[in-house]
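Here the structure is laid out as structure tokens; the discussion comes afterwards.
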């Protein structure tokens with residue numbers, strides 16, 4: 012019971028002054044995880060053998076056989092070193108002699124050499140909305156998101172290198188700080204510098220999840236959103252305007268604004284009052300340091316008294332009452348509306364456990380397709396029976412009724428509605 016009381020307090024939807032709560036959901040920010048082909052300047056140390064060869068050439072020893080004799084090397088081994096120095100533009104080599112080049116003299120003075128080369132810079136993450144480079148370690152990037160309704164539509168097109176070039180300074184910092192290049196040589200460089208971004212090698216689209224609460228103005232149609240957890244506060248501040256814009260344009264979370272038909276005559280279920288002071292009691296328990304001193308009997312009686320639930324309580328109350336019952340009945344008005352609702356089918360999977368589920372529906376346009384959809388999303392199995400109980404949506408367990416009463420609310424514009432649910436808990440006696 013202690014956990015339930017804590018969960019209830021944590022999940023109650025915060026009041027947004029001047030706005031009415033509509034629903035909660037997830038939105039996903041597209042992130043392009045990219046590998047870039049880049050050009051870098053690398054300063055590499057020269058080996059001891061290379062240093063000695065360059066020193067001899069510098070003092071006028073040009074004959075290859077003489078250099079081999081002085082260093083005590085076989086001619087074949089020296090030829091390999093000279094070929095390497097030639098490939099690095101440090102010396103010129105002919106059949107029997109060699110000559111120092113300008114770069115070779117600089118390498119000898121500094122005991123290192125400079126070269127330009129291309130390489131792959133991996134794990135560069137570009138935000139598909141704002142075009143910013145983000146630190147992927149700061150977020151939990153998700154690979155596969157099935158919920159297309161929650162995906163924000165990208166503003167930055169995929170695969171255009173100019174957006175990465177615009178972020179050259181930040182990418183250069185990543186280059187310097189993370190050192191994520193894959194080197195083709197075994198010797199580590201003394202220093203390296205990113206010179207330019209050449210092109211995109213590969214891109215994978217991933218997502219950052221942001222849980223949000225959606226509200227509508229109390230006296231109008233304007234949408235507002237609030238983060239569902241304070242840990243997402245800074246993240247939401249970055250994208251809030253874009254999320255609201257895409258909600259208003261029906262590009263994201265549009266399933267919440269689909270036309271839903273409700274019975275104008277009303278539904279079964281008494282419209283109970285909220286329990287005054289319950290939130291304050293839950294808050295007091297939450298901030299009590301010595302939890303062992305709390306008598307949960309009184310607060311339990313208040314929570315499970317006949318009442319209207321506060322916004323955000325529904326899921327935790329449902330989970331608890333179902334866990335206490337071996338048989339659960341669900342009454343719905345239009346079965347089609349619920350069977351194809353991903354949040355509803357997720358609720359079945361999360362809560363049914365070992366309980367036996369029976370679904371009673373008042374109507375269904377295509378019951379065969381509806382049952383197939385339920386079976387596809389919910390593997391627990393259930394009995395589906397056509398029987399009108401006059402409820403719009405109601406869970407019935409051995410001890411409780413948990414039912415929802417719908418209301419259509421105009422949002423965004425005069426032609427758009429959102430189905431809002433008020434939930435009520437009543438003893439089944």
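Residue numbers (the numbering used here): 12 to 440.
Here a beta-carbon is modelled for each residue, glycine too, at the ideal position from N, C-alpha and C.
Keep in mind the model is a prediction, meaning the values are calculated, not measured.
Measuring alpha carbon to alpha carbon, tell me which of the options ends up nearest residue i.
i           : options            : result
residue 43  : 402, 137, 165, 277 : 137
residue 159 : 354, 93, 244       : 354
residue 350 : 336, 369, 384      : 384
residue 180 : 154, 145, 380, 288 : 145
residue 292 : 313, 250, 166      : 313
residue 33  : 106, 210, 39, 321  : 321
residue 243 : 68, 149, 28, 403   : 149
residue 431 : 74, 270, 284, 289  : 270
residue 103 : 129, 421, 69, 325  : 69
residue 394 : 325, 340, 406, 221 : 340
residue 259 : 120, 439, 428, 72  : 428
residue 421 : 87, 226, 116       : 226
residue 218 : 400, 232, 163, 392 : 163
residue 107 : 100, 360, 101, 90  : 90
residue 272 : 348, 40, 46        : 348
residue 404 : 440, 237, 121, 344 : 344
residue 99  : 173, 65, 325, 382  : 65
I'd like to know whether the C-beta atoms of residue i and residue j end up nearer to each other than 8 Å.
i           : j           : result
residue 161 : residue 37  : yes
residue 319 : residue 362 : no
residue 342 : residue 407 : yes
residue 140 : residue 166 : yes
residue 317 : residue 419 : no
residue 35  : residue 224 : yes
How long is the line joining the alpha carbons of residue i and residue j, rounded to whole angstroms?
i           : j           : result
residue 247 : residue 56  : 47 Å
residue 94  : residue 62  : 14 Å
residue 182 : residue 175 : 8 Å
residue 239 : residue 21  : 10 Å
residue 147 : residue 128 : 26 Å
residue 30  : residue 130 : 53 Å
residue 13  : residue 409 : 22 Å
residue 315 : residue 27  : 26 Å
residue 123 : residue 50  : 19 Å
residue 171 : residue 116 : 42 Å
residue 72  : residue 81  : 10 Å
residue 134 : residue 46  : 6 Å
residue 216 : residue 209 : 20 Å
residue 281 : residue 155 : 42 Å
residue 121 : residue 92  : 19 Å
Using the three-state DSSP reduction, which class does residue i fall into: helix, strand or coil?
i           : result
residue 142 : coil
residue 312 : helix
residue 337 : coil
residue 282 : coil
residue 358 : helix
residue 389 : coil
residue 1   : Any question about residue 1 goes unanswered here, given that the chain covers just 12 to 440.
residue 1   : Nothing can be reported for residue 1: it is not among the residues displayed for the chain, which extend from 12 to 440.
residue 180 : helix
residue 371 : strand
residue 124 : strand
residue 45  : strand
residue 306 : coil
residue 408 : coil
residue 30  : strand
residue 98  : helix
residue 151 : coil
residue 115 : helix
residue 192 : Confidence is the limiting factor: at residue 192 the pLDDT is only 48, short of 50, which leaves the residue's position unreliable and the question unanswerable from this model.
residue 159 : helix
residue 366 : coil
Can you round the beta-carbon distance between residue i and residue j to whole angstroms, since I take them to be within the 8 Å contact cut?
i           : j           : result
residue 151 : residue 54  : About 37 Å separates the two Cβ atoms, so there is no contact after all.
residue 414 : residue 402 : 6 Å
residue 371 : residue 400 : 6 Å
residue 366 : residue 396 : In fact, because the Cβ distance is near 17 Å, the residues do not count as touching under 8 Å.
residue 101 : residue 114 : 5 Å
residue 250 : residue 40  : 6 Å
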